[in-house]
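When we follow our numbering, the leftmost residue of the sequence shown carries the number 1, and every step to the right adds one.
Ideal Cβ placement from N, Cα and C applies to all residues, glycine included.
Notes for the one structure printed next.
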Amino acid sequence: MKNAPPGYECPFCGIAETLPSSAPESAVVLVDANLFALVPTHHYAGIRGNCLVVPRSHYENVLDIPDNLGSDFFRATRRLAGAMREAFGCEGISTRQHNGPAGDQDVWHYHLHVFPRQPNDGLHAGRKVPYTTEERIAVAASLRAALR
Numbered sequence: 001m002k003n004a005p006p007g008y009e010c011p012f013c014g015i016a017e018t019l020p021s022s023a024p025e026s027a028v029v030l031v032d033a034n035l036f037a038l039v040p041t042h043h044y045a046g047i048r049g050n051c052l053v054v055p056r057s058h059y060e061n062v063l064d065i066p067d068n069l070g071s072d073f074f075r076a077t078r079r080l081a082g083a084m085r086e087a088f089g090c091e092g093i094s095t096r097q098h099n100g101p102a103g104d105q106d107v108w109h110y111h112l113h114v115f116p117r118q119p120n121d122g123l124h125a126g127r128k129v130p131y132t133t134e135e136r137i138a139v140a141a142s143l144r145a146a147l148r
């Protein structure tokens, strides 16, 4: 079942078309043949440093994404987790992913959230707060520098 509204313009497809850019003034953290990761436009509960891992091709949700991209997602998530620990000194990492309207999906292109975590940080109770452009670029630069 497709949930994107008629005429939906996918923001992630627009970004994918501009890759492989991960210039210093970009919110893009990593790029490979099948996916990219970027600092999104918002964070939750003041937890800065979160990223989205996104396939370069358009798949609406987990029911559409091909199995063979699983290892790409795992590798990117593991690399981001290491970079988050190094760059932000976080004690843990959380991931989450939403599918369909009842699953709180609001961008109709599969993506995986990766969060740096600290004890009692309130992630699950936190509200969405926009990053400034400068904050996004600074977070992305810190993560790119820490990637292995």
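Item checked: Those residues which DSSP pairs with residue 37 across a bridge -> Here the question's residue 37 lines up with position 37 in the sequence shown. 30, 53, per the DSSP bridge assignment.
Notebook entry, point to check: Would you say residue 68 faces chain B, with C-beta separation under 9 Å as the test?
Noted result: Among the chains of the structure shown, chain B does not appear; only one protein chain is present.
Margin query: Between 43, 74, 10, which has its C-alpha nearest residue 133's C-alpha?
Written below: Sequence index remark: in the sequence shown, residue 133 carries index 133 (1-based). With distances taken between Cα atoms, residue 133 lies closest to 43.
Margin query: Suppose the cutoff is 7 Å on Cβ atoms and the five residues either side in sequence are ignored; what does the same chain contact list for residue 118 look like?
Written below: The count along the sequence shown starts at 1 and reaches residue 118 at position 118. Within the same chain, residue 118 has close Cβ partners 90, 91.
Check: Which two residues bound the contiguous beta strand (DSSP E) that contains residue 114?
Finding: Numbered from its first residue, the sequence shown carries residue 114 at position 114. Its beta strand (DSSP E) spans residues 112-117.
Check: In whole angstroms, what separates the C-alpha of residue 148 from that of residue 14?
Finding: Taking the sequence shown and counting its residues from 1, one reaches residue 148 at position 148. Taking the sequence shown and counting its residues from 1, one reaches residue 14 at position 14. Cα-Cα distance, rounded: 27 Å.
Margin query: Between the alpha carbons of residue 137 and residue 30, how many angstroms are there, rounded?
Written below: Along the sequence shown, read from residue 1 onward, the residue named residue 137 stands at position 137. Along the sequence shown, read from residue 1 onward, the residue named residue 30 stands at position 30. The alpha-carbon atoms of residue 137 and residue 30 are separated by roughly 13 Å.
Checklist line | DSSP state of residue 58 mapped onto helix, strand, coil | finding: In the sequence shown, residue 58 corresponds to position 58, counting from 1. It is coil, neither helix nor strand.
Margin query: Please list the terminal residues of the continuous alpha helix (DSSP H) segment that includes residue 11.
Written below: Numbered from 1 along the sequence shown, position 11 holds the residue referred to as residue 11. 11-18 is the span of the alpha helix (DSSP H), which, as asked, contains residue 11.
Checklist line | Cβ neighbours of residue 20 in the same chain (closer than 6 Å, five flanking residues each side left out) | finding: As a working note, residue 20 is residue 20 in the sequence shown. These residues qualify, in order along the chain: 31.
Item checked: C-alpha distance - residue 26 paired with residue 38, whole-angstrom precision -> Position 26 of the sequence shown, counted from the start, is the residue given in the question as residue 26. Position 38 of the sequence shown, counted from the start, is the residue given in the question as residue 38. Their backbone Cα atoms lie some 9 Å apart in a straight line.
Margin query: Quick check on residue 66: does DSSP put it in helix, strand or coil?
Written below: One-based indexing of the sequence shown puts residue 66 at position 66. Three-state DSSP puts residue 66 in coil, outside helix and strand.
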